[in-house]
Structures are given as C-alpha cells and as structure tokens.
Amino acid sequence: MSDSPISVDSGEMSALRRAIPFFQKYGLYVFLVILLIVAFSVSPQFFSPRNIQNLLTDGAPLGMAALGQTFVILTGGLDLSVGSLMSTVAVIATSIKPDNIMILPIFLISICFGALVGFVNGWLVTKRKVSPFLATLATMIVLQGIRFAYTKGAPLSGDLPPGFRVLGTGTLLSIPVNLVVLAFLIFVFAILLYRSSYGRKLYLVGGNPRAAFLSGINSDLVIIAAYMICAILASIAGLFLVGYVGSVDNWVGRGYELDSIAAVMMGGASFKGGKGGIFGSIAGVIVLIVIYNLVLLLGLPIQAQLVVKGLVIILAASFYLTRSN
Amino acid sequence: MKATSIMKRFRIDPAIGIVSGLVLLLAIIGFFISDRFGTIQNLTNILENSVSLGLASLGQTLVILTGGIDLSIGGVINLASCLTSGMINGDSRLVVPVIVGVLLLGILIGFINGSLTVWLGVHPLIVTLGMSMVLQGVTLLYTLVPPGAMPLSFDFIAYGRILGVPFAPVVMILIFIIMGVFLRKTSLGRHVYAVGDNAEAARLSGIRQNWVVIFVYSACGFFAALTGIYLVSRMGIGDPRVGEYYMLSSITPVVVGGTILAGGKGGVTGTLIGVFLIILLRNLLNFMDITSFYQWIIEGLIIIIAVSFYVEKRKL
Chain A
1 MSDSPISVDS
11 GEMSALRRAI
21 PFFQKYGLYV
31 FLVILLIVAF
41 SVSPQFFSPR
51 NIQNLLTDGA
61 PLGMAALGQT
71 FVILTGGLDL
81 SVGSLMSTVA
91 VIATSIKPDN
101 IMILPIFLIS
111 ICFGALVGFV
121 NGWLVTKRKV
131 SPFLATLATM
141 IVLQGIRFAY
151 TKGAPLSGDL
161 PPGFRVLGTG
171 TLLSIPVNLV
181 VLAFLIFVFA
191 ILLYRSSYGR
201 KLYLVGGNPR
211 AAFLSGINSD
221 LVIIAAYMIC
231 AILASIAGLF
241 LVGYVGSVDN
251 WVGRGYELDS
261 IAAVMMGGAS
271 FKGGKGGIFG
281 SIAGVIVLIV
291 IYNLVLLLGL
301 PIQAQLVVKG
311 LVIILAASFY
321 LTRSN
Chain B
1 MKATSIMKRF
11 RIDPAIGIVS
21 GLVLLLAIIG
31 FFISDRFGTI
41 QNLTNILENS
51 VSLGLASLGQ
61 TLVILTGGID
71 LSIGGVINLA
81 SCLTSGMING
91 DSRLVVPVIV
101 GVLLLGILIG
111 FINGSLTVWL
121 GVHPLIVTLG
131 MSMVLQGVTL
141 LYTLVPPGAM
151 PLSFDFIAYG
161 RILGVPFAPV
171 VMILIFIIMG
181 VFLRKTSLGR
191 HVYAVGDNAE
201 AARLSGIRQN
211 WVVIFVYSAC
221 GFFAALTGIY
231 LVSRMGIGDP
241 RVGEYYMLSS
251 ITPVVVGGTI
261 LAGGKGGVTG
271 TLIGVFLIIL
281 LRNLLNFMDI
291 TSFYQWIIEG
301 LIIIIAVSFY
311 VEKRKL
C-alpha cells in the first residue's frame, strides 16, 4: 500500500529518496557547516586565529575520549566510566614526583591502569553478560570510591611535572600540542578501524553478532579489546585534560562520559552497534565545542551553555536520525 | 533447592528472593555490630532516608520496564526543588499552588521526554541526557545559590509523625503499593510490560505503544518533581545541585531489584527492596565508621554482583 504512491510520481519522490540517505549520512556535517556560518555571522571574532586555537585546545581531550567511545559504541555498548577514569588518572598524575623525567612513567602507568579498567569492563560485558550500561556504571562508581578513598576527598596538593602544562596548553608552530597528539591518535586508530582486520571484525560484531559468530570471529575478544581501547584513550585524555586545567580536583573529568557519548551519537552511531565511525564522532565533538564557544562569544551567561548544548544534542540527533529504524 | 521451590510455589521472582535475603542478612549483621542499630530511632532514620531514593527510583522503574531510561531525573529534582523554595519564599499561602504547579511541570517535562523519544525516534538516553542539560542550565539561570525560604510547618512532609508513625515513609510505601497494583491489575499497567517485552508484538496487538511510552516518562517526571519537593522539606530549602546524585543512583535500586534494562521484566516490589538494601547498607557502614568513599566502592560492587547473577537480555 505505502509503496504505490511512490511509483506514481517517481521523479519527485526519487529525488527525495536520494536526499534522505544523504542527510542520514552527512546530516551532521551539513549541521556543522550551518553552525559555523551562524557562529561567524553572530560574532566575526569566531574565526580569529586566537579563538580557533583556544577552541581546539579546549576540545582536544574530549576528542580523545570520543575517539575511544566510538569503538565501544560500535560494539553496541557504551562506556560510562570514561569521565571517572579521566579524573582518577589525573589524580595518579599528581601523586607522583613533579619532575619532567616522570612524564613518560606517568603515561605508562596511566595507560596500564586504563587498560586494566577497560579489561574489567569488557570482561563483565562479555563473560558475565552484564549489560554495558551497568558494568561501566559500576566501574565508574568504584573508581570514584577508590579516588576519594585515596585523596580523602581533599583537593590535591601535589604538583604536576611542568611538562604537562606544555602538553595541555602549549603550541607547536602555533598549532596546539594536544591537537597534534589528537591528530596522531585519530590517524592511528582510523587505520586500525578502517584498514585492519580488527576494524572489520568490530563492525561485524556490532552490526551482526550472529554472522560474526558463524564466521568464527571470537566476538568476546573483539569486544574486550574495544573496551580496552576506550579506557586507554580515556586515560590519555585525562592526562591532557589535567595538563590543560593545570590543577586537579576529584571531579576534573566529570561530564566527559556523557559528552563523549553525545558526540559519538551525533556522529551517526547507533546504540545497536555496527554504525558510525571516527570522523563522525570528531565532527560531533566539534559541534559541541563550537556551541560552547558560541555561547561565550555571544556574552550569554555560562549556564546558558548547558541549555543550548542540551537542545542541540537532541536536535542534531533527530536531524538525521529520521526514524531510520 | 528448597528455597527455589518455595519461591516458585509462591511465584516470587528469584531476584526479589536474593535481594530480600541480602536485606535480612544486613539487618542481622546490624544487630551484631551495634546496640543502637535496632533502636526505633535508627529504624525510623533508615525509613526516612529511603523516601527520596524510593520516589526517584519508582519513576525510573516504570521507564525501564518499557525498555527506556530517564537520565533527566536529577535535572527535574534540581529544578523542582529550587522552584518550590524560591517561589514560595516563606509565604505559606503559596504552598499548595506552587506544589501543584511544580508537579505539573514535572509531568510536562516527562511528557516532552516521552514525545521526543517516540516521535523523533531518538534514543531515550540521548533525549533525556539533553533534557537533563537543559534543566540544569535553566535551574542555574534561575539561581546559583539555595533560593527563597520555606514556612516552618513545611517540614511536616519530611519529619512529620502521626501517632508516632513517620508520615513520609508510610506515604512512600503506599505509593509503591498503589503502583504495584496498577502495574498488575490495570490494562495500562500490563501494556507497560508488553511494550518493554516486545514492542512489535505490542503494536500488532493494538496497544497504543507511543502513548504508553509517553505515559511512563510523564509519570517519571511527576515522581522526580515529588522527590524534589520532598527534599526541600527535608533540607528546609531548595538546592540547584541536590538532584545530581539521583541521575544515575536512581537506576541502581531498579536493577538490583531485578528489573532488567531491556524492559518487560521486573517490578516495583524489587525496586523498593533494592532501595532498602542500599540505604541499610549505608546505615551499617556509617555504624562501622566507614566513610562514603568506601561506600561508593561497595555500591559499585553490589551492582556488579547483583546483575551478574540475574539473566539479562543483551541490549544496552
């Protein structure tokens, strides 16, 4: 029944039919362009080199977190422990001797810690069949407890190695250092996702678990690896965030778990898994930080950021998610 | 073996059996740990501490039964609490109209959540997360500090006694009983389960699935607003940050009580016992002088242990 009117005036409908997948695929990028035009028209300072630099420095940690979140969401899960892990890693960083020699060890310890947390998440999800929401919610709460038990709830007095400030806020040929690192990470993980057998398996496990099983893929291993990638990237993001902020409190990573999920979802991913990708997620991150910036440039009170951000997340998600399921 | 057959005979959900057993175990441990545990004062204290988490989790249960989730509960609580104390501002004549208004606002917010989920087809996690940010922003635009003041008599809601019986916990338990009967005995209540269990089958059997979903989110908004009002009474003033805790914590008792996130299975009884479990545990840990930091670790472990015992459909 519903098909017959389409065949009647096929010319017009087929144009529309072609337009819908286009918007589903590129809707976010269209949205981003519109947003940038709006940003420029309301505030010409938006495109000043200084503002762009600030904006990107500010957004790089979120970019790293969202990059990792993409892998987990591709498996059909999600990771709520990202923000808590970022804070915990930041606390670890300040509790070690503030000397530049220690930067590499701090990174190694944090990455190992992240890998462990990711492994626990992945293990719970695959071997214990706990739903990802609950497994990562539980790790989030446990990490929070460990962190507070360690710091006794007090703001930290420990200092960071001075090199962290350079990583978090410095520039290299007027390009923010953390952005360079983010670009490198995107490059590496894009190769992993789009050019390796692991990436292919990840899409198959997320999109069609049955087919993945029948073709002999060890789904559990693929999923555990995704959670570990997410947690490791979150640890790195936490270190760059603490370098950017310069001081640590116990909540420094708060909100990053939900922001990163929102960015990935806006980038075209689906909670059913198997959909979305790195570049969509990064576009989602850019939308979020442009909105933040825009609210500031408009001179609106800082609380308005939250209102605008909430509305845009819903809007952007519905913009191209026109009942595709 | 025997325990399971008894549970089967009385048609008790195994999850409820496990959680009730844990509550009982904690209570027994409590009597050994401290003489003061068993006093009327402490038991009343446990009951009163359960009210806000209970009300918030009740709404969350309804939403989760349909397979959704509501992350905006914390935002609604913040806004409701600030509006209540800010608008009443010590004037006892305004108490009733403001409370009615705030409850209606809660329903409206839930209605918007449900409508966006249904009509736009956006995942409820995203819709309610966005809504939570909007509400937090609006609340902070309205006030940055605890606003207004409350008439003294308003603390009856939280601390009132009728013939020595604490008023609020009794009302909360009554609400749970009403909702339990509603879910079991009314057609709308059954439809909540049907939508969560198999949305497609529910649609084919003529259930107006969209309206059921909108209904549960509206109810959830209502209970969140009620939680906000209760917290104003308990603390004597509204607070723009008081609800943050409930955003994710309202989910814990629901899943610990055996309601599965995929929807269609579970109920409010499990949630109520789950609330008691968490509050009782906190009470015990306080008696043992264990700070809230370790309590978080234990709360997280409880979620893991509880849900890895229950069978979950793999979905989110």
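Chains A and B supply the protein sequences, listed in that same order.
Sequential numbering from 1 applies to the first sequence in our numbering.
Sequential numbering from 1 applies to the second sequence in our numbering.
Ideal Cβ positions, reconstructed from N, Cα and C, are used throughout, including at glycine.
Only a predicted model underlies this, so the values are computations on that prediction, with no experimental measurement involved.
| query | result |
| --- | --- |
| B/Leu108: CB within 6 angstroms of a non-hydrogen atom of the ligand MG | With respect to the ligand MG, the structure offers nothing, as it holds no ligand at all. |
| Residues of its chain near B/Val254, where Cβ-Cβ distance is below 6 angstroms and the 5 sequence neighbours each way are ignored | Ser57, Gln60, Thr61, Ile64 and Thr271 |
| Residue range of the alpha helix (DSSP H) that includes B/Val145 | Unbroken run through B/Val145: none, as it is neither H nor E. |
| Option nearest B/Val134 by Cα separation, candidates A/Ala316, A/Gly310, A/Ile314 and A/Ala317 | A/Gly310 |
| Neighbouring residues, chain A, relative to B/Val122 (Cβ below 8 angstroms) | Ile314, Ala317, Ser318 and Leu321 |
| Cβ of B/Glu299 within 7 angstroms of any chain A Cβ | yes |
| Collapsed DSSP secondary structure at B/Ile162 in the structure displayed | strand |
| Whole-number beta carbon distance between A/Ala138 and B/Leu303, since they are thought to touch under 8 angstroms | The residue you asked about is not Leu; residue 303 of chain B is Ile in the sequence shown. Contact holds; Cβ gap of about 4 angstroms. |
| Unbroken alpha helix (DSSP H) run spanning A/Pro61, endpoints | Pro49 to Leu74 |
| Beta bridge counterpart(s) of A/Ile175 as assigned by DSSP | A/Leu172 |
| Validate contact between the stretch 112-131 of chain B and the stretch 232-242 of chain B using beta carbons, cut 8 angstroms, 3 pairs | no |
| Contact set between B/Gln136 and chain A, taken where Cβ atoms lie within less than 9 angstroms | Gln303, Leu306, Val307 and Gly310 |
| Chain A contact for B/Tyr245 (CB, 7 angstroms cutoff) | no |
| Nearest to B/Phe201 (by Cα), restricted to the options B/Gly264, B/Val275 and B/Thr117 | The residue asked about is misnamed: residue 201 of chain B is Ala in this sequence, not Phe. Checking every option, the nearest Cα to that of B/Ala201 belongs to B/Gly264. |
| Chain A contact residues for B/Gly130, given Cβ-Cβ distances below 9 angstroms | Ala262, Lys309, Gly310, Leu311, Val312, Ile313, Ile314, Leu315 and Ala317 |
| A/Phe164 versus A/Gly246 - alpha carbon distance | 8 angstroms |
| Expected contact under 8 angstroms - CB spacing of B/Ala219 and B/Gln209 to nearest Å | So it is not a contact: roughly 16 angstroms between Cβ atoms. |
| Contacts that B/Tyr294 makes with chain A (C-beta to C-beta distance below 7 angstroms) | Gly145 and Ala149 |
| For A/Gly27 and A/Ser324, the rounded distance between their alpha carbons | Residue confidence is low: A/Ser324 scores 45 on pLDDT, short of 50, so the model does not pin down where it sits. No coordinate-derived value is stated. |
| is_contact[B/Leu79, chain A] using C-beta, thresh 7 angstroms | no |
| Own chain, CB closer than 7 angstroms to B/Thr66, minus 5 neighbours either side, in chain order | Val192, Val195, Gly196, Val212, Val213, Val216 and Gly263 |
| Where B/Leu231 meets chain A, residues with beta-carbon distance less than 8 angstroms | Neighbours of B/Leu231 on chain A: none; closest Cβ ~21 angstroms, over 8 angstroms. |
| Boundaries of the alpha helix (DSSP H) in which B/Asn113 is found, first to last residue | Val95 to Leu120 |
| Cβ neighbour criterion (16 or more within 10 Å) applied to A/Cys112 | exposed |
| Within 7 angstroms, strictly: CB atoms of A/Phe107 and A/Asn178 | no |
| Between the CA atoms of B/Asn42 and A/Ser260 - distance to the nearest angstrom | 42 angstroms |
| Buried or exposed (CB count within 10 angstroms, at least 16 for buried), B/Asn89 | exposed |
| Collapsed DSSP secondary structure at A/Val188 in the structure displayed | helix |
| Cβ pair B/Ser81, B/Gly221 closer than 7 angstroms | no |
| B/Trp211 in three-state terms, based on DSSP | helix |
| Closest residue to B/Leu108 among B/Val76, B/Asp91, B/Thr84 and B/Val96 (Cα-Cα distance) | B/Val76 |
| Chain A residues whose Cβ lies nearer than 8 angstroms to that of B/Ser308 | Leu124, Arg128, Lys129 and Val130 |
| Within chain A, the residues that B/Val255 reaches when beta carbons sit closer than 7 angstroms | Leu134 |
| Segment limits, alpha helix (DSSP H) that includes B/Ser20 | Pro14 to Ile33 |
| For B/Gly206, the three-state DSSP class (helix, strand or coil) | coil |
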